[in-house]
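J.: Let me begin by handing over the structure; questions about it come next.
So, in structure tokens, the structure goes:
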């Protein structure tokens, strides 16, 4: 397959550069994954247990990629992702319980994402002038407040949450939205706004001196990250039938952060790989009740001690492939 | 008014416990700039050690308190040595994730050996109630406040007037310069963990005696709230942590006492956010300029 793509690359030096070898390979991998799962499910090899793991992987990828935009690329240390996720989850659940159709689901996702984004902006404006650990604690505080509010509202079912939410989020929805998230965030990072965010991460004072309005770009990154966290929450609510405030506590935020750090801050493909590894790992460990969390904790410490920059650092998988000369870095301009 | 003073008394005893935990946070943050997420779990281990000593031996609560402090001090030093020291020059986030890993490890190891169920301390201290002008004060509350005060004075003495304390202050000011002055930085950091963890152990035993229920996840929320208290008082400042802890305790009890018991956790975090917005350096913290 790679040979075929290489051949293509020489012809495909179109001005738009959409049909590059790199993009074709990525598209191929995605299509193959999708088709493989689809086929295996038709053959009955993938059971509902596997499918729920796959769903969890997709949700974790969306969460990790969106948090990576905030923490990895913009350098803003956030511990409040579960809060945004819960806003999306509750919105989708409440809409779906009233309109149990695909349109209700779609509306729930979009409205949930937008509400999470609004929450992100409201939280971001005052807190984003804080730095480092202080920002982390402030976002953690906000997420806890959101959780306490859901816990005490009647419409959200209080501490027992909402149950029997119609399942609309099927496998195509899951992978579709996962790819959409990665695409949007990848394109954002490669836009001039994304470059501004990276500049803020590298050195905020220097970025300001270059004329970058750091507050504006931090809020954009925060809002975009919150939006996709809301989408992930909506998928979660619709796939697992049941949500409760306890599911969106600070450990949930921590788990997302762990995925991001493990994959590498500033590496989208790292987040994807870490999300797959960690989700599969926790699912496998679930069999060993009692020791599963101990093993998870030890692995966490060990990974940080031996690889504090994460699996990928700030490199993407495609960069690695370029090093291996699987395809050329840049097409030559004729 | 009577109700107000009653809440004040209750808040003061809860606040003393927060203050004891907050001291460990503030010292560790002051010296290596790490939010030691495992600190709340050291406090949990302290509570369990107190439980074992009072349940399985016929020693009283004072030996239990001392044994628990020693155990936690050793645990704190070990945690620093094994998990944090190799990461001293790594990124903040890597260190933080490690701290979270240690926290989970302590919680679930305890759960594995002791089970998740809530346990209660035996009656180690007769609880007498005093009534002063309609306000009920229990002897346990007096004990908590007195022991906390004694420990805080002791800590203050160590930090201000001993050689080790001087070294701690020097290291928290500047690692490299302290090293050039011949201070053993690693040992000083270990000593800081030792002090902070011993205080957390004492807080654990006091909570066990006062609330009479302990469980493996008991350290999470008080840990976070104690951190809020440390930020409130000005992180890195020892008197700040004491004042912050007591204030957070009183505010939480007041919110709970005046009908907002469901929102008590939210109130604490609300205060945190207000403090961070209005005065990010906290009540007694020093302002730091932005160096380029």
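Protein chains in written order, with our numbering: chain P, 1 to 334; chain F, 1 to 292. All C-beta atoms in this analysis are idealised placements derived from N, C-alpha and C, irrespective of residue type, glycine included. This one's a predicted model, so the numbers in the text were calculated from it and none came from an experiment.
Mind checking who residue 138 (chain F) pairs with in its DSSP beta bridge?
T.: Within the DSSP bridge table, the entry for residue 138 (chain F) names F:129 as partners.
J.: Where are the alpha helix (DSSP H) runs, 4 residues long or more, that stay fully inside the segment 27-72 of chain P, in chain order?
T.: 48-67
J.: Distance cutoff 8 Å, beta carbons only. Does residue 90 (chain F) sit that close to anything in chain P?
T.: yes
J.: Three-state secondary structure (DSSP) at residue 59 (chain F)?
T.: coil
J.: Let me check one thing: in DSSP terms, what residues is residue 98 (chain P) bridge-paired to?
T.: Its beta-bridge partners do not exist; DSSP assigns none.
J.: With DSSP run on the structure shown, which of helix, strand or coil describes residue 243 (chain P)?
T.: strand
J.: My output table needs one value for residue 10 (chain F): the three-state DSSP class, helix, strand or coil.
T.: helix
J.: For residue 216 (chain F), which residues in the same chain have their Cβ closer than 7 Å to its Cβ, ignoring the five residues on either side in sequence?
T.: 44, 107, 110, 111, 114, 116
J.: To the nearest angstrom, report how far apart residue 65 (chain F) and residue 19 (chain F) are at their CA atoms.
T.: 17 Å
J.: Please report the distance separating the alpha-carbon of residue 81 (chain F) from that of residue 182 (chain P).
T.: 40 Å
J.: Classify residue 58 (chain F) as buried or exposed, calling it buried when 16 or more other Cβ atoms lie within 10 Å of its own Cβ.
T.: With fewer than 16 Cβ atoms within 10 Å of its Cβ, residue 58 (chain F) is classed as exposed.
J.: From the beta carbon of residue 227 (chain F), is the nearest beta carbon of chain P less than 8 Å away?
T.: yes
J.: Residue 134 (chain P) versus chain F: which residues are under 8 Å apart at the beta carbon?
T.: 231, 276, 280
J.: Go ahead and pull the three-state DSSP assignment for residue 289 (chain P).
T.: coil
J.: In the DSSP output, what is residue 162 (chain P) paired with across the bridge?
T.: Partner residues in the beta bridge of residue 162 (chain P), as assigned by DSSP, are P:243.
J.: Do the segment 155-165 of chain P and the segment 241-250 of chain P make contact, defined as three or more Cβ pairs closer than 8 Å?
T.: yes
J.: Comparing alpha-carbon positions, which option in P:228, P:265, P:319, P:276 lies nearest residue 120 (chain P)?
T.: P:228
J.: According to the Cβ coordinates, are residue 234 (chain F) and residue 182 (chain F) closer than 8 Å?
T.: no
J.: When Cβ atoms are compared, which residues of the segment 274-295 of chain P fall closer than 7 Å to chain F?
T.: 290, 291, 293, 294
J.: Considering only their Cβ atoms, is the gap separating residue 140 (chain F) from residue 156 (chain F) smaller than 8 Å?
T.: no
J.: I think residue 273 (chain P) touches residue 179 (chain P), with their Cβ atoms under 8 Å apart; what is that distance to the nearest whole Å?
T.: Actually they do not touch by this definition, with Cβ atoms about 15 Å apart.
J.: Tell me whether residue 119 (chain F) sits in a helix, a strand or coil according to DSSP, three-state version.
T.: Under the three-state reduction of DSSP output, residue 119 (chain F) falls in the strand class.
J.: Below 8 Å between beta carbons is the criterion; list the residues of the segment 125-149 of chain P that meet it against any residue of chain F, in chain order.
T.: 126, 127, 130, 132, 133, 134, 136, 137, 138, 140, 141, 142, 144, 145, 148, 149
J.: Mind listing the chain F neighbours of residue 60 (chain P)? Cutoff is C-beta to C-beta under 8 Å, in chain order.
T.: Chain F residues near residue 60 (chain P): none, gap ~16 Å exceeds 8 Å.
J.: Under a CB-based cut-off of 8 Å, is residue 23 (chain F) close to chain P?
T.: no
J.: What residues match up with residue 214 (chain F) in a beta bridge as DSSP calls it?
T.: For residue 214 (chain F), DSSP records a beta bridge to F:119.
J.: For residue 254 (chain P) versus residue 227 (chain F), is the C-beta distance shorter than 8 Å?
T.: Cβ atoms of residue 254 (chain P) and residue 227 (chain F): not closer than 8 Å.
J.: Using DSSP with H/G/I as helix, E/B as strand and the rest coil, what is residue 316 (chain P)?
T.: coil
J.: Just tell me which of F:174, F:199, F:147, F:56 has its CA closest to the CA of residue 21 (chain F).
T.: Of F:174, F:199, F:147, F:56, the smallest CA-CA separation from residue 21 (chain F) is found for F:199.
J.: Distance check for residue 141 (chain P) and residue 280 (chain F), CA to CA, integer angstroms please.
T.: For the pair residue 280 (chain F) and residue 141 (chain P), the Cα-to-Cα distance works out to about 14 Å.
J.: Using C-beta distances below 7 Å, list every residue in its chain close to residue 81 (chain P), excluding the 5 sequence neighbours before and after it, in chain order.
T.: Excluding sequence neighbours, residue 81 (chain P) sits near 63, 67, 229, 253, 256.
J.: Assuming residue 226 (chain P) contacts residue 117 (chain P) (C-beta within less than 8 Å), just tell me the rounded distance between them.
T.: 5 Å
J.: Using only the alpha-carbon positions, how far apart do residue 194 (chain P) and residue 75 (chain P) sit?
T.: 12 Å
J.: Any beta carbon from chain P within less than 8 Å of residue 283 (chain F)'s own beta carbon?
T.: no
J.: Find the residues of chain P that neighbour residue 35 (chain F), judging by a C-beta separation of less than 8 Å, and give them in chain order.
T.: 133, 136, 137
J.: Inspect the beta-carbon positions of residue 142 (chain F) and residue 210 (chain F) and report whether they are closer than 8 Å.
T.: Cβ atoms of residue 142 (chain F) and residue 210 (chain F): not closer than 8 Å.
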